[in-house]
Amino acid sequence: MASITAAWSPVHFHGAKIPGFLASRIERYYRERVKKTWGGGHIMRGRTPPADALHLSSNDYLSIARHPKIISAMADSVHQNGNGALMSGIFLHGACPQLQLEDRLASFMHAESGILCQSGWCANTGLIQTIANEQTPVYVDILAHNSLWEGIRSAGAKPITVFHNDPEHLERQVLRYGPGIVLVDSVYSTNGSICPLPEIAEICHAEGCVLVVDESHSLGTHGPHGEGLVVALGLLDRVHFRTASLAKAFAGRAGFITCSRQFNEYFKFESNPAIFSSTLLPHEVAGLDATLEVIRHEDWRREQLHANAEILRNNLEELGYNLNDSQSQIISLEAGTEQQTIVLRDALEARGIFGSVFCAPATPKNRSLMRFSINSALTGMDLARIIRACREIRKEVRLDDWPSSRRKRQRFDHLPIKAADEYNKPNPSRAVAIV
Ligand SMILES: Cc1ncc(COP(=O)(O)O)c(C=O)c1O
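Numbering (my numbering), first residue to last: 10 to 444.
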């Protein structure tokens, strides 16, 4: 693998002298991460994928990024409008396509109103900046997406951490610090676990908290026609705001917030990304409009996605991997250290399986992992290939020594022996026979 240690040199600033505080900061990255931890390589850059590689790194869960209806809607718009008028969202008014799409997306999600943002990042940071301030307690699940944490920082509010998916801990924290804002993801992006939304919503209702649910990994994939988990669980009257990145199942580049009509107007005059950053381009709006129709009408994609994810989860569990409570299309193999994750990456890539490496700051140090984003286009043969690879590599990657494997074993150590044995027996209903 090519070494990238040589890439850092002050000369790269075209001879402009940089002060020591910056030089030492950049130098630390090359010394500590690249050279020491990654051995001169790069944790994110392994092999070049061969032509028959299986790509599990895209969040295009419904496999629509090249859908002909969406592509032609975008191409028509580019030809008709070029890049349109380049300006901030605050200037939009009247019967413009972007505002009309806001209404359509909002009604799809059974919301009174909605706001299109440039990205999921802007949706989350912009929203929290407009609803929290220095006095607001903001309760945030420890695994909530970084953009929610960034929103807390930009609001100047104090984050109050809640253990992952632990409603009892949330309740204790709220009773201690008082009513505030609760931030959760519906499906967590690092491990694919699903938030216990009914319990969380009940606590928020009882204690007078505002509930924000980031539906980035459930919009389009969950609910009868992809409306998301809040709709699927009948929690509309308990959730104040839903946010989403439209760069997952919607396969575009935008973000969305559901809210009330009154809030929509307020947000556009209060949120920094709406005021100080330019808004979407016309072809992105046209593409998302076409995508909404595909998502709402092609239910088979969702069914295939969930079937694929279930097969993979069941088989990987059977092979001994600790999937950290994944219940969704996000499935992660947690190797632990970054060095161990590089070994895992190389073993998978040698077999043509390309996932996404997650390491600090996306995960805690020493809990780095390989994430598979499952999609609806994977065939039975593809799934069998992934499972075969994961079976073959277990010794090579020292699966038994991973901290996550140890945790899995410990979990069973607490069970009565019979129950643990029961679990370890092959279970035909859990492991689908494609291995
Ligand atoms: C849960 C969650 N929220 C927000 C975002 C940010 O979305 P975007 O990529 O559209 O900025 C992501 C993307 O990584 C995400 O996974």
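Where a beta carbon is used, it is the ideal one built from N, C-alpha and C, also for glycine.
Coil, strand or helix - residue i by DSSP
i           : result
residue 83  : helix
residue 125 : strand
residue 97  : strand
residue 377 : strand
residue 63  : strand
residue 177 : helix
residue 357 : helix
residue 351 : helix
residue 192 : strand
residue 367 : strand
residue 287 : strand
residue 239 : helix
residue 246 : coil
residue 219 : strand
residue 52  : coil
residue 161 : helix
residue 43  : helix
residue 105 : coil
residue 436 : With a pLDDT of 35 at residue 436, under the threshold of 50, the predicted position of this residue should be treated as unreliable, and no value is reported.
residue 224 : coil
residue 282 : helix
Bridge partners - residue i, DSSP secondary structure assignment
i           : result
residue 150 : 171
residue 253 : 265
residue 320 : In the DSSP output, where bridge partners are listed per residue, residue 320 has none listed.
residue 301 : Paired residues: none, contrary to the question.
residue 345 : 377
residue 362 : 63
residue 382 : 339
residue 203 : 196
Nearest-angstrom Cβ-Cβ length linking residue i and residue j, presumed shorter than 8 Å
i           : j           : result
residue 98  : residue 254 : Not quite, the Cβ-Cβ distance comes to about 17 Å (not below 8 Å), so this is no contact.
residue 258 : residue 230 : 5 Å
residue 359 : residue 411 : Wrong, their Cβ atoms sit about 19 Å apart, outside the cutoff.
residue 222 : residue 251 : 5 Å
residue 192 : residue 157 : 5 Å
residue 203 : residue 179 : That belief does not hold up - the Cβ atoms of residue 203 and residue 179 are roughly 16 Å apart, past 8 Å.
residue 337 : residue 248 : About 19 Å separates the two Cβ atoms, so there is no contact after all.
residue 225 : residue 317 : Wrong, their Cβ atoms sit about 19 Å apart, outside the cutoff.
residue 382 : residue 67  : 6 Å
residue 101 : residue 107 : 6 Å
residue 414 : residue 329 : 7 Å
residue 212 : residue 145 : Incorrect: roughly 17 Å between the Cβ atoms, too far for contact.
residue 72  : residue 310 : 7 Å
residue 119 : residue 240 : 5 Å
Same chain only: Cβ atoms within 6 Å of residue i, ignoring 5 sequence neighbours per side
i           : result
residue 273 : 122 and 124
residue 76  : 303
residue 404 : none
residue 341 : 200, 378 and 380
residue 256 : 262
residue 131 : 264 and 282
residue 375 : 345 and 346
Closest by C-alpha distance to residue i, when choosing among the options
i           : options               : result
residue 394 : 65, 182 and 292       : 65
residue 399 : 233, 23, 380 and 384  : 380
residue 339 : 127, 148 and 366      : 366
residue 188 : 396, 159, 214 and 334 : 214
residue 84  : 296, 42, 53 and 401   : 296
residue 364 : 62, 143 and 212       : 62
residue 335 : 165, 174 and 164      : 174
residue 349 : 323, 26, 407 and 176  : 407
residue 186 : 224, 211, 195 and 147 : 147
residue 315 : 413, 74 and 388       : 388
residue 151 : 409, 161 and 171      : 171
residue 368 : 116, 54, 29 and 22    : 54
residue 420 : 145, 332 and 307      : 332
residue 357 : 370, 323, 319 and 401 : 401
residue 308 : 278, 242, 236 and 362 : 236
residue 228 : 168, 305 and 177      : 305
Neighbourhood of residue i by C-beta distance below 7 Å, restricted to the same chain and skipping five residues each side
i           : result
residue 290 : 92 and 93
residue 435 : Because the pLDDT of residue 435 is 35, which lies under 50, any placement of that residue in the model is unreliable, and the number read from its coordinates should be weighed accordingly. Cβ neighbours of residue 435 beyond the five flanking positions: 327.
residue 142 : 164, 165 and 166
residue 82  : 295, 296, 298 and 299
residue 87  : 292
residue 301 : 113, 114 and 117
Contacts around residue i, its chain only, beta-carbon distance under 8 Å, and the 5 residues preceding and following it disregarded
i           : result
residue 276 : 124, 135, 136, 139, 266, 268 and 283
residue 438 : In this prediction, residue 438 scores a pLDDT of 34, lower than 50, which makes its location untrustworthy; no coordinate-derived value is stated.
residue 216 : 180, 183, 184 and 188
residue 24  : none
residue 321 : 340, 381, 383, 392, 395 and 396
residue 370 : 155
Any non-hydrogen atom of ligand 2 closer than 7 Å to residue i Cβ
i           : result
residue 364 : Looking for ligand 2 in the displayed structure turns up nothing; the ligands present are ligand 1.
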